[in-house]
Amino acid sequence: MELPRRKNEQSLKTLVQLGTKGFFPLFYDNWIEEHFEKQYSNLTSQEKQKAKQIMQKLVKHKSIDRKRTLLMALDENERRTFIKAFMKMVEGQILDEKPELH
49 MELPRRKNEQ SLKTLVQLGT KGFFPLFYDN WIEEHFEKQY SNLTSQEKQK
99 AKQIMQKLVK HKSIDRKRTL LMALDENERR TFIKAFMKMV EGQILDEKPE
149 LH
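See below:
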């Protein structure tokens with residue numbers, strides 16, 4: 049999934065990079081635990097579009113607290129979709145950095 053082109057795009061890339069190290073400052077622990085407890089299928093085109101819309105809103109905010117507040121304001125399904133898309137971006141970054149894992 050492509051990252052939105054915005055002024056604060058670098059902050060989202062940094063968050064993805066942190067995710068490759070197992071650090072997810074955007075998410076509460078229970079959100080992460082819930083994500084990894086379930087088996088998710090690939091993102092549908094609707095989910096990709098929704099995640100992109102959320103990312104576009106997210107990059108408008110500079111602080112982690114404001115970004116997290118935005119995620120808390122989402123309904124549960126939207127938040128799950130975003131987390132699923134974010135984890136796919138983290139996975140893609142890991143595979144880009146370590147091609148031997150392919």
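The C-terminal residue of the sequence shown carries number 150 in our numbering, and the numbering is unbroken. For each residue, glycine too, the CB sits at the ideal point set by N, CA and C.
How would you write the range of the alpha helix (DSSP H) that residue i sits in, first residue to last?
i      : result
Glu124 : Glu124 to Glu145
Lys100 : Ser93 to Leu106
His109 : Here His109 belongs to no alpha helix (DSSP H), and DSSP marks it neither H nor E.
Asn90  : Here Asn90 belongs to no alpha helix (DSSP H), and DSSP marks it neither H nor E.
Please look up how many angstroms separate the CB atoms of residue i and residue j, rounded, as I've assumed it's under 8 Å.
i      : j     : result
Gln141 : Gln65 : 7 Å
Among the candidates the options, whose CA atom is the shortest distance from the CA of residue i?
i      : options                           : result
Asn90  : Lys110, Lys132, Ala121 and Glu124 : Lys132
Met135 : Lys61, Gly67, Thr62 and Gln94     : Gly67
Leu60  : Glu95, Gln104 and Asp123          : Gln104
Phe72  : Lys146, Met137, Lys108 and Glu95  : Met137
Original post:
So does the region 110 to 128 actually touch the region 70 to 90, counting three or more Cβ pairs closer than 8 Å?
Top reply: yes
Original post:
Touch check for the region 93 to 102 and the region 65 to 78: three-plus C-beta pairs under 8 Å?
Top reply: no
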